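Residue numbers (my numbering): 104 to 772. Glycine included, each C-beta is placed from N, C-alpha and C at the ideal position. On a predicted model such as this, the values are computed, not experimentally measured, just so you know. Note sheet for the following structure.
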Amino acid sequence: MNTVRSGEAADGPEHASNPPSRETARWAAILCFIAAFMCLVGTGWSAYARWATDDSLGRLGGYLPQDATSALGAMDTLNTVVAVLNAILAVALVVGGIMLLRRKPAGRIVVAVAGVFLLLAPVVTHVLATQIWSRLVAAMSETSDVEVMRFGPGLGTMIRGVLVALVMLGLVLAPSTKRWLTCQGADCTDRRDRPPRRRWVVLVCAVVVAVVAGGVAVVHWWPRSSPGEPSNAQEAPVGTPKDRLIGFALDRQPVPAWQVSVTDVGFTPETRVGDLFAAVSDRAYFSTLRSDPDKTVTGLVYGLDTKTGKPLFPPIEMPGWAGVTCSTNGPSVAVCVTDSCPDSIISCTGQHEQLWVIDLDEGKVTYTGDPKVQGAGNLESRSHPGRPVLVPLGPSHGASWLVASAEGKGVYGVGSQGEPTWFLPGNGDLVSVEINDPRVDDIAPLTVGIQKSSSGNDFRVFSVDGRDLTPTPPQGQRVAEVRAYVGGFAVEFDGGPRPRGVGLYDSDGKQVAMLTGFYAMANPAMPIIAQNRPGKNYDTGGLQVYTAAGKPQVNVPASILDHFRMIGTKLYAGEPPGAWRSWDLFTGQQGPACDMQLDSGEYVGSDGTTVIWRDISNQEFIAVDPATCQTLWKVPVKTGDDSFEVMQKAGTSLLRLTEHTIAGLRPPA
Numbered sequence: 104m105n106t107v108r109s110g111e112a113a114d115g116p117e118h119a120s121n122p123p124s125r126e127t128a129r130w131a132a133i134l135c136f137i138a139a140f141m142c143l144v145g146t147g148w149s150a151y152a153r154w155a156t157d158d159s160l161g162r163l164g165g166y167l168p169q170d171a172t173s174a175l176g177a178m179d180t181l182n183t184v185v186a187v188l189n190a191i192l193a194v195a196l197v198v199g200g201i202m203l204l205r206r207k208p209a210g211r212i213v214v215a216v217a218g219v220f221l222l223l224a225p226v227v228t229h230v231l232a233t234q235i236w237s238r239l240v241a242a243m244s245e246t247s248d249v250e251v252m253r254f255g256p257g258l259g260t261m262i263r264g265v266l267v268a269l270v271m272l273g274l275v276l277a278p279s280t281k282r283w284l285t286c287q288g289a290d291c292t293d294r295r296d297r298p299p300r301r302r303w304v305v306l307v308c309a310v311v312v313a314v315v316a317g318g319v320a321v322v323h324w325w326p327r328s329s330p331g332e333p334s335n336a337q338e339a340p341v342g343t344p345k346d347r348l349i350g351f352a353l354d355r356q357p358v359p360a361w362q363v364s365v366t367d368v369g370f371t372p373e374t375r376v377g378d379l380f381a382a383v384s385d386r387a388y389f390s391t392l393r394s395d396p397d398k399t400v401t402g403l404v405y406g407l408d409t410k411t412g413k414p415l416f417p418p419i420e421m422p423g424w425a426g427v428t429c430s431t432n433g434p435s436v437a438v439c440v441t442d443s444c445p446d447s448i449i450s451c452t453g454q455h456e457q458l459w460v461i462d463l464d465e466g467k468v469t470y471t472g473d474p475k476v477q478g479a480g481n482l483e484s485r486s487h488p489g490r491p492v493l494v495p496l497g498p499s500h501g502a503s504w505l506v507a508s509a510e511g512k513g514v515y516g517v518g519s520q521g522e523p524t525w526f527l528p529g530n531g532d533l534v535s536v537e538i539n540d541p542r543v544d545d546i547a548p549l550t551v552g553i554q555k556s557s558s559g560n561d562f563r564v565f566s567v568d569g570r571d572l573t574p575t576p577p578q579g580q581r582v583a584e585v586r587a588y589v590g591g592f593a594v595e596f597d598g599g600p601r602p603r604g605v606g607l608y609d610s611d612g613k614q615v616a617m618l619t620g621f622y623a624m625a626n627p628a629m630p631i632i633a634q635n636r637p638g639k640n641y642d643t644g645g646l647q648v649y650t651a652a653g654k655p656q657v658n659v660p661a662s663i664l665d666h667f668r669m670i671g672t673k674l675y676a677g678e679p680p681g682a683w684r685s686w687d688l689f690t691g692q693q694g695p696a697c698d699m700q701l702d703s704g705e706y707v708g709s710d711g712t713t714v715i716w717r718d719i720s721n722q723e724f725i726a727v728d729p730a731t732c733q734t735l736w737k738v739p740v741k742t743g744d745d746s747f748e749v750m751q752k753a754g755t756s757l758l759r760l761t762e763h764t765i766a767g768l769r770p771p772a
């Protein structure tokens, strides 16, 4: 039996003297309505931001780099998500506020959950928006004609939203709000004595954990680079890689490390060394003809280890082959085809056309048969006018890829039996990659080819696996020029009301940069863009070197020069027959003008510091230190009345070839 003291109500002294207050619940409801209004404003602003983003894409899409387009697309998505979330929160807050004023306990749960989202959403949105804007600004830094200006909610908006959410959560979770919602009427004894309900607390905690985890996951896995941008710097090398230069110091005249003759390989003494048609790593492959008047014409393919001079496999015989050379179709396959020769030419009578495919790793023929293609330089116009002609992409002495061009039709791939495979229409006129010397393999294999379109007025770009990579030009413009390089290609857009521009693309055809008012120069190692050269005004502007990822590397004042070669981390430029000078690709430091020639047929090789070139006029090989222009050593080409020595780079090795011997060179002791 309970005893009731004077002045106390039967349900307890606290509840008798201090009835529940509605002030915290009322202010919580007011803040709900204010926050709902803020959410509606946010919905409208996000919708406007999406419209502005779409408008920018519509007007400038042709000049925006791929990573800028990707960033704008991410911002578009973020604005959509924020608009929808704000609309949902506005409805939830209005419903929750009304439920609080009507003393519905469930309103407290609704407001608490909405408050948690209202607390975290501005933070997550601000972080994501900042990342996207950073990506956009970085991408647009190379596009001078487009101004990037950030608009939208900033740090102040985020702080204001967080403060409103914190105050609202504090009020709705206050004990007085709970008592006012749950203690309705005079008798609160039963409700006071009941154990507290904790299910809604567990629910709120679960929601908080889920939102926090989701925010962290979105921040962590949100894409930070565009699909066209390489994932790391190693995919966009600067200059020519060290492992593609000669692998020993050339500052002193090298001496033989080993030497083999044609008889050591198993040929007759009259047989010549032949042609070095491929060099892959420390393996060199040659093609020649057996010199034996008592036997039929027979082609020979053999390989040597350039470190030791040892044969890689027994010589491969090709009866009836009288071609000039073979070509690689990838790093380990060679295709050899007899010259097309019509019977109307007396010397061709009785010759049988044939094709051989050779596995260079195994040293064996994998296919031989009638050719469905013909070698470049053959008499195709008089023998097989419609037969596709083999064309190597990139340096012919490296691990190049083959395609087959058909005049007036397009370009084919070349299959495992030398047959035409995939086909891309065009006029079949392949644009040769302007390499200073196609026999030197300082660069990695090119994987992009160029042909003129069917109309002949523009160009088509394709990959070695048959994909059409031709970008769509901005409205009113055309593809005026294409330059291929390691890891991608540059496209000049011209015509129409827009200014001339150059787009840089990776080897998958994804745009990585868009530059306005520039011209692409021929250089297969890295893209070089000439600035401010309308009408070839050589007196203004400079050369901006970019990586294959579309990032600016260095600017050099060499716009007057049109002949380029990259060796190691240096850009060499000249105007033959004048001197050549160098620029460092990292610092831009200029070297002296040296009396040497690095153009077609003259550059031999380099270790990255010393350059060997062939003086055609004086018939000698000369080693030069380009930092000082000092001549370090010379070797004559002609060593006798009928004797010649040729220095030739093979992978990372330097070979000395005569008519009947091959020697691998090394530094002197």
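Taking the straight line between their C-alpha atoms, what separation do you get for residue i and residue j?
i: T441; j: T401; result: 11 Å
i: A616; j: F562; result: 19 Å
i: G598; j: T575; result: 14 Å
i: E723; j: R603; result: 45 Å
i: Y388; j: A625; result: 29 Å
i: T573; j: G433; result: 23 Å
i: Y649; j: T550; result: 18 Å
i: P771; j: K752; result: 18 Å
i: F220; j: K673; result: 55 Å
i: S279; j: A128; result: 8 Å
i: L760; j: N560; result: 45 Å
i: C439; j: T428; result: 7 Å
i: R375; j: T366; result: 10 Å
i: G591; j: T399; result: 46 Å
i: P414; j: D473; result: 29 Å
i: A150; j: A193; result: 15 Å
i: A593; j: K475; result: 33 Å
i: F136; j: W283; result: 20 Å
Can you check DSSP and say which residues form a bridge with residue i?
i: R490; result: According to DSSP, R490 bridges with nothing at all.
i: S557; result: Partner(s): none; S557 has no beta bridge.
i: Q356; result: Answer is none; Q356 lacks a bridge partner.
i: M421; result: G402
i: E584; result: E595
i: Q362; result: A766
i: W686; result: L674 and Q693
i: H666; result: G677
i: V589; result: None; V589 has no bridge partner.
Round the Cβ separation of residue i and residue j to the nearest angstrom and send it over; I've been treating them as touching at under 8 Å.
i: V269; j: A215; result: A quick correction: the sequence has Leu, not Val, at residue 269. In fact, because the Cβ distance is near 12 Å, the residues do not count as touching under 8 Å.
i: L496; j: V514; result: Their Cβ separation, rounded to whole angstroms, is 10 Å, which puts L496 and V514 out of contact at 8 Å.
i: G369; j: S390; result: Wrong, their Cβ atoms sit about 15 Å apart, outside the cutoff.
i: A360; j: G645; result: About 44 Å separates the two Cβ atoms, so there is no contact after all.
i: P491; j: A502; result: Going by Cβ atoms, the distance from P491 to A502 rounds to 21 Å, so no, they are not a contact pair.
So for residue i, helix, strand or coil by DSSP?
i: G259; result: helix
i: G604; result: strand
i: K281; result: helix
i: E595; result: strand
i: H229; result: helix
i: A152; result: helix
i: I137; result: helix
i: V321; result: Confidence at V321 is low in this model, with a pLDDT of 43, below 50, so its placement is unreliable and the value that follows should be read with caution. Here V321 sits in helix by DSSP.
i: S390; result: strand
i: R759; result: strand
i: S384; result: coil
i: F526; result: strand
i: M629; result: coil
i: C429; result: coil
i: R563; result: strand
i: L533; result: strand
i: P771; result: coil
i: K475; result: coil
i: A792; result: Any property of residue 792 remains undetermined from this structure, which presents the chain solely from 104 to 772.
Between residue i and chain D, is the shortest Cβ-Cβ distance under 8 Å, so that the two count as touching?
i: D544; result: This model lacks chain D altogether, as it is built from one protein chain only.
Quick one: does the C-beta of residue i sit closer than 7 Å to a heavy atom of the ligand MG?
i: S149; result: Ligands in the displayed structure: none, and consequently the ligand MG is not present.
(message) Give the list of continuous alpha helix (DSSP H) stretches no shorter than 4 residues that lie fully inside the stretch 700 to 748.
(response) none
(message) So within the stretch 165 to 217, which uninterrupted alpha helix (DSSP H) runs reach at least 4 residues, ignoring any that extend past its ends?
(response) 169 to 204
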